[in-house]
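Numbering (the numbering used here), first residue to last: 11 to 357. Ideal Cβ placement from N, Cα and C applies to all residues, glycine included.
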Amino acid sequence: MMARSSSSLHTACAPGKIILFGEHAVNRGQLALAAAVGLRTTCVVRESREGLWVFRSGQRQVAYSSESLQTLVERLDTALATRDFATITGATAADFFTSSAYVVGRAKAREAAPLEIAFTSDLPIGFGLGSGGAAHVALAVAVAHSGASAAVLPGAAEISAWALAGDRIAHGGVASGLDTQTSLVGGVIEYRDGEVGRPLPVPAGLRVVIGNTGIAKGTTGSVNGRVRRWLEEDSARMAIFVEMGGIAQAGREALLAANWAQLGVRMNEAHALLQQIGASHPQLDALCEAARRAGARGAKLTGAGGGGVMIALVEESTQPAVARAIREAGGTPLLTDIGVGGAALVT
Ligand code: MEV
């Protein structure tokens, strides 16, 4: 706990992520591995000049009174407690800023002075690179340093909890902390739901090409809902998620040993299981196939799936050909640093 500064303006930034192993399985108790990527969301928070809580991102802007923010938080709290997922997905569909408003509503006491909150991002929004998690983390960090009423800064556990609360709403009612922990901690982490992200000492040479299908996945909540209903139809399907956890374990060993050939094999296996649970999309499969044919060690969808992005494991020598193959197969290749630092207060 540190003394709070009296500044009225704070900026925080947080990286997006790729999931190496464990999307969807992490929501069912399995090990996951993820890495922060060199694309970030920035959040600027200042005291409101309008007496309203104002949220901005690009052309989007929404303002809440303190009362309407409080009402929203209470409605979403009730929906979470009763697993009323329809109310949550309805609220996020109606207002882009619902999950951010929930983060702020949770973070700020009723009497806190309204804030203006503005987001900018290098991350494509809604394509599986953790734009939501990065926004919630940057917001939680910036808000933690803002406002005049409290005398001390909240601790890391509170900031984590606020950011996760945002992902819970954005993911349709249930979220693991994988995205927000990766964004907070940075680097490459291993993670099990309910824990903190543990940094992994990753050897040099981990290199991926990200391929964006350009196909909007809808919300993570809609893909999560589909996967949840698929599992509810037959509980024996849980074995697939357990198998994903085993692949994540094997992938962890391969990663730590810099055994890129093994890591690639595990990624291909993970993609095949993600196909089985219905999380893939024909265009994700096509980009993975194209990347493998062009020399990638392995390829898989990353994030919730249903569209969005995939990753291909490459070496320096194969990277250009894999990027070209992804483009020729209709995707947009994206080269960025992997394992960058986590969230930070900028000012
Ligand atoms: C989304 O980035 C990862 C999922 O496992 C959802 C979650 O962890 O909450 C699909």
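DSSP beta-bridge partners of Y201: For the purposes of this step, residue 201 is taken as residue 191 along the sequence shown, with counting starting at 1. Answer is A42, bridged to Y201.
Buried versus exposed, by CB contacts within 10 Å (16 or more), A376: Since the first and last residues shown for the chain are 11 and 357, residue 376 lies out of range.
Touch test, the segment 182-191 against the segment 256-273, Cβ-Cβ under 8 Å, three pairs minimum: Result no; under three Cβ-Cβ pairs closer than 8 Å.
Three-state secondary structure assigned by DSSP to I225: Looking up residue 225 in the sequence shown gives position 215. The three-state secondary structure of I225, taken from DSSP, is coil.
Given A380 as reference, the closest of A249, L266, E77 and Y112 once Cα atoms are compared: This structure leaves residue 380 out entirely; the chain is present only between 11 and 357.
Cβ pair L30, A44 closer than 8 Å: As a working mapping, residue 30 is identified with position 20 in the sequence shown. As a working mapping, residue 44 is identified with position 34 in the sequence shown. Note that the C-beta distance between L30 and A44 is below 8 Å.
C-beta atoms of T336 and A282 nearer than 8 Å: To locate residue 336, count along the sequence shown from 1; it is residue 326. To locate residue 282, count along the sequence shown from 1; it is residue 272. A small correction: the amino acid at residue 336 is Ile; Thr does not occupy that position in the sequence shown. By the CB criterion at 8 Å, I336 and A282 fall outside the cutoff.
P211 versus V72 - alpha carbon distance: Translated into the one-based positions of the sequence shown, residue 211 becomes position 201. Translated into the one-based positions of the sequence shown, residue 72 becomes position 62. Straight-line measurement puts the Cα of V72 at about 42 Å from the Cα of P211.
Distance cut-off 7 Å: A140 Cβ against heavy atoms of the ligand MEV: Position 130 of the sequence shown, counted from the start, is the residue given in the question as residue 140. Note that residue 140 corresponds to Gly in the displayed sequence, not to Ala. Yes, the beta carbon of G140 sits closer than 7 Å to at least one heavy atom of the ligand MEV.
Residue range of the unbroken beta strand (DSSP E) whose run includes Q71: Here the question's residue 71 lines up with position 61 in the sequence shown. Taken as a continuous stretch (DSSP letters only), the beta strand (DSSP E) holding Q71 covers R70 to Y74.
Cβ-based neighbour list, A101, same chain, cut-off 6 Å, excluding 5 preceding and 5 following: Here residue 101 refers to the residue found at position 91 when the sequence shown is read from its first residue. Around A101: T108.
CA-to-CA distance, T52 to F129, given in whole angstroms: The residue given as residue 129 occupies position 119 in the sequence shown. The residue given as residue 52 occupies position 42 in the sequence shown. If I take the Cα positions, the gap works out to 6 Å.
Closer than 7 Å: L188 CB and nearest the ligand GDP heavy atom: Here the bound small molecules are the ligand MEV; the ligand GDP is not part of this structure.
Bounding residues of the beta strand (DSSP E) (the contiguous stretch that carries L283): Position 273 of the sequence shown, counted from the start, is the residue given in the question as residue 283. Annotation: L283 is outside any beta strand (DSSP E); the continuous alpha helix (DSSP H) that includes it extends over W270 to Q286.
Residues near L79 in its chain [Cβ-Cβ closer than 8 Å; skip 5 each side]: As a working note, residue 79 is residue 69 in the sequence shown. Here the set comprises W63, A111, V114 and G115.
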